[in-house]
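These protein sequence lines are chains A and B, in that order. The numbering of the first sequence is this note's numbering, which starts it at 55 and goes up by one. The numbering of the second sequence is this note's numbering, which starts it at 100 and goes up by one. The structure appears below as structure tokens.
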Amino acid sequence: MAWEKVGALVMLLFSIAYGLLATKIPLSFLAQQETFTSRTMPYALAIMGGILSFLMLVLPTVNPSGKKTLAQETRGMEWSTAILLVAMMLVYGLTMKWLGFILASIIFLLAGFYVLGERRIQRMLFTAVLLVVGLWGIMSMLLGVYIAPGEIFYHLGIL
Amino acid sequence: MWEGMINGMMTGITTTMIPINIAMVLFGCFAGSFIGMLPGLGPITAVALLIPVTYALDPASGMVLLAGVYYGAIFGGSTCSILINAPGEAATVATSFQSADYFALMILGLTAVSAFAGHGGVLKALLMVVLGLMLSTVGTDQTSGTQRFTFGSLELLDGIEFLLLAMATFALTEALFIILNKDAASDSFNPKSIGISNLKVTKKEFKLIYPSILRSSFLGFFIGVLPGAGATLGSFMSYGMERNLAPPEEQKKFGKGSLRGLAAPETGNNAASSGSFVPLLTLGIPGSGTTAVMLGALIAYGIEPGPRMFIDRPDVFWAVIMSMYLGNVFLLILNLPLIPYFARLLAIPRNLMVPIILFFHSWASTLLPLTTSTS
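Written out as structure tokens, the structure is:
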């Protein structure tokens, strides 16, 4: 299947889901009597999205020989590494409040270096610590941005 | 009209010449040149990486810094592509606006995307416009106060931050592309293999390329002004124009190291990056992915980009414009003698570079709600 047809199918499903969710937008009694409500725009967008993605699905692909299929487009891509790094970004964002900027960032960077194949511990530590502490210094000391310490330090009684 | 413009320019010069802003221009040019020179990274990533640093700055200083990073990265990208043949980046007034005018402007912004989408891409472009509008409906409805698509989340009450969206769609994808395509950015480059022997332009070479530079500057700037066109189109069109204008024997050299073929796209590229600021600063319509990220930065500063910006915030408006003159002088001073040293920095391995880029993205996203809630 051509890459753009997959995209169109995803967008069609998204538009349907968006339209169905739009029916759940709460309306007050007074709002229900009005012509233009909070649901009107989402309904219009869901219909437009549905029509456009359906047209992309059914209309012939422009210059099909020049377009790659999904399999061709994704061949040789390092999906596992990319997904792992994106998951690590999520974990980093979620743990920053608890571990604090310095600790969470150093752990994230060390893990990232490791996932991408770096094994020289000294180089990993030097780069991660220097970058994070340097940035913390610039932001908090030079520019005056308050970066809260991790909540774990309060629980452990360190702060 | 002239009096107003001269006053504005004076405001811009005064704002730019504050020591902190001069330092920001210098730092922006340096950081942009460096990041733009790294293979696989372009101006979008360069601007996105520096956004957290600008949170604590005055909006004028912040925008001056980001503008410096932008044209610095374009310059750095050119250096990278010329030195190692691996592109560092993809491209390498109204004062009395009424609501109807704003509505027309909004329609222009939304339809311009499809107009420049090219053959076969109109449906896709329109679909993405609809997707963008769908995402903008998340949060509290400004008319009725009703919550839409928030799923009970407090974080979604204010909607999805434009800057976050711009960084996720433009900047983060660049970094993920490097991970997905291992071959797109090789592990490292051997600076010794670059072979920088003579970096000075001779009189003969200058005589050959200066008409191309002049032509491409004008063409690139006007291409950059078109909303949605960006620096890539400016680069390609300048190259195409120069090839068509060149005599047949010179045309054969294009793509094989022709000086005219090299000067034209790089000039067009640089000129288009300056031109793309015109729709951003005057209409609030980003001309490229990078200016879309900068539009997000402006919104995060609490500045409404659009026709009233140069009335409400002339310091920011004119400082960005006037700082470009200073920035380009800095770029020349920085880059000409430092190219051999910059080239050595290309040896940063991919397995260290990519996590650092992702770290900056995540960090910027985490810091953003903190700063916008206090601004």
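Every residue gets a Cβ at the ideal spot worked out from N, C-alpha and C, and that includes glycine.
Own chain residues within Cβ distance below 7 Å of residue i, not counting five before or after
i: Ala480 of chain B; result: The requested residue 480 of chain B is not part of the displayed model; chain B covers only 100 to 474.
i: Leu149 of chain B; result: Ala130, Leu164, Leu165 and Val168
i: Phe207 of chain A; result: Gly154 and Leu213
i: Met421 of chain B; result: Met108, Gly111, Ile112 and Thr115
i: Leu312 of chain B; result: Position check: residue 312 of chain B holds Ile in this sequence, whereas Leu was assumed. Only Ala362 and Thr366 meet the Cβ criterion.
i: Ile143 of chain B; result: Phe269, Ala270, Glu273, Gly388, Thr389 and Val392
i: Asp286 of chain B; result: For Asp286 of chain B, the predicted model reports a pLDDT of 46, less than 50, meaning its position is unreliable and no value from the coordinates is stated.
Close Cβ partners of residue i (< 8 Å) along its chain, the five nearest in sequence each way excluded
i: Phe235 of chain B; result: Checking the sequence shown, residue 235 of chain B turns out to be Ser, not Phe. Taken in chain order, the residues that qualify are Gly258 and Ile259.
i: Ala416 of chain B; result: Per the sequence shown, residue 416 of chain B should be read as Phe rather than Ala. Excluding positions up to five away in sequence, the list reads Gly107, Gly111, Leu380, Met408 and Phe409.
i: Gly104 of chain A; result: Leu66, Ser69, Ile70 and Gly73
i: Ser194 of chain A; result: Tyr200 and Ile201
i: Leu111 of chain A; result: Lys59, Ala62, Leu63 and Leu66
i: Met340 of chain B; result: Arg314, Ser315, Leu318 and Ala363
Buried versus exposed call for residue i [16 or more other C-beta atoms within 10 Å across all chains shown]
i: Leu184 of chain A; result: exposed
i: Gly204 of chain A; result: buried
i: Pro454 of chain B; result: buried
i: Phe155 of chain A; result: buried
i: Leu433 of chain B; result: buried
i: Thr389 of chain B; result: buried
i: Thr91 of chain A; result: buried
i: Arg93 of chain A; result: buried
i: Ile206 of chain B; result: exposed
i: Leu170 of chain A; result: buried
i: Ser357 of chain B; result: buried
i: Pro347 of chain B; result: exposed
i: Leu99 of chain A; result: buried
i: Pro118 of chain B; result: exposed
i: Gly59 of chain B; result: For residue 59 of chain B there is no data in the structure shown, the boundaries of chain B being 100 and 474.
i: Met104 of chain B; result: exposed
Same chain, Cβ closer than 6 Å to residue i, neighbours up to 5 away in sequence not counted
i: Gly374 of chain B; result: Phe320, Gly323 and Val324
i: Ser159 of chain A; result: Val186
i: Thr301 of chain B; result: none
i: Met452 of chain B; result: none
i: Pro404 of chain B; result: Gly383, Leu394 and Leu397
i: Asn120 of chain B; result: Ser160 and Val163
i: Thr470 of chain B; result: A caution first: Thr470 of chain B carries a pLDDT of 47, below 50, which makes its placement in the model unreliable, though a value can still be read off. If we look at Thr470 of chain B and ignore the five residues flanking it on each side, its Cβ neighbours are Tyr154.
i: Phe167 of chain A; result: Met178
i: Asp240 of chain B; result: Arg247
i: Trp101 of chain B; result: none
Beta-carbon proximity of residue i to residue j, cut-off 7 Å
i: Val124 of chain B; j: Leu344 of chain B; result: no
i: Thr115 of chain B; j: Ala418 of chain B; result: yes
i: Met227 of chain B; j: Thr178 of chain B; result: no
i: Gln350 of chain B; j: Arg359 of chain B; result: no
i: Gly161 of chain B; j: Thr153 of chain B; result: yes
i: Phe174 of chain B; j: Leu430 of chain B; result: yes
i: Asn450 of chain B; j: Glu172 of chain A; result: yes
i: Ala76 of chain A; j: Pro96 of chain A; result: yes
i: Leu279 of chain B; j: Ala85 of chain A; result: no
i: Val428 of chain B; j: Ala265 of chain B; result: no
i: Trp57 of chain A; j: Glu127 of chain A; result: yes
i: Met142 of chain A; j: Leu164 of chain A; result: no
i: Ala145 of chain B; j: Ile134 of chain B; result: yes
i: Ser461 of chain B; j: Gly147 of chain A; result: yes
i: Met150 of chain A; j: Val229 of chain B; result: no
i: Leu256 of chain B; j: Ser464 of chain B; result: no
i: Pro364 of chain B; j: Ser337 of chain B; result: yes
Nearest residue (CA-CA) to residue i, options the options
i: Ala155 of chain B; options: B:Ser357, B:Ala267, B:Tyr400 and B:Phe126; result: B:Tyr400
i: Leu109 of chain A; options: B:Thr245, B:Lys355, B:Asn280 and B:Leu225; result: B:Leu225
i: Asp411 of chain B; options: B:Thr245, B:Ile121 and B:Ala159; result: B:Ala159
i: Leu139 of chain A; options: A:Val112, A:Phe162 and A:Ala85; result: A:Phe162
i: Glu254 of chain B; options: B:Ala270, B:Val237 and B:Met423; result: B:Val237
i: Phe459 of chain B; options: B:Ala147, B:Cys128, B:Ile117 and B:Met104; result: B:Ala147
i: Ile456 of chain B; options: B:Tyr170, B:Arg247, B:Phe250 and B:Leu271; result: B:Leu271
i: Lys223 of chain B; options: A:Ser107, A:Leu81 and A:Ala56; result: A:Ser107
i: Asn233 of chain B; options: B:Gly251, B:Arg247 and B:Ser243; result: The sequence as given places Met at residue 233 of chain B; Asn does not occur at that position. Closest option to Met233 of chain B, Cα to Cα, is B:Arg247.
i: Ile438 of chain B; options: B:Gly171, B:Trp101, B:Gly103 and B:Asp157; result: B:Gly171
i: Thr115 of chain A; options: B:Val221, B:Pro413 and B:Pro118; result: B:Val221
i: His209 of chain A; options: A:Thr89, A:Trp152, A:Leu196 and A:Phe180; result: A:Trp152
i: Ile79 of chain A; options: B:Phe261, B:Gly251 and B:Phe335; result: B:Gly251
i: Phe261 of chain B; options: B:Gly231, B:Pro151, B:Thr242 and B:Ser243; result: B:Gly231
i: Ser423 of chain B; options: B:Gly208, B:Phe376, B:Gly244 and B:Leu209; result: Going by the sequence as given, residue 423 of chain B is Met instead of Ser. The candidate whose alpha carbon is nearest that of Met423 of chain B is B:Phe376.
Chain C within 7 Å of residue i, Cβ atoms only
i: Phe83 of chain A; result: Included in the structure are the protein chains A and B, with no chain C among them.
Can you check the stretch 165-200 of chain A for any alpha helix (DSSP H) of at least 4 residues that lies completely inside it and give the ranges in chain order?
As far as the stretch 165-200 of chain A is concerned, its whole alpha helix (DSSP H) runs of at least 4 residues are 175-190.
Of all the beta strand (DSSP E) runs that stay within the bounds of the stretch 377-414 of chain B, which reach a length of 3 or more residues?
none
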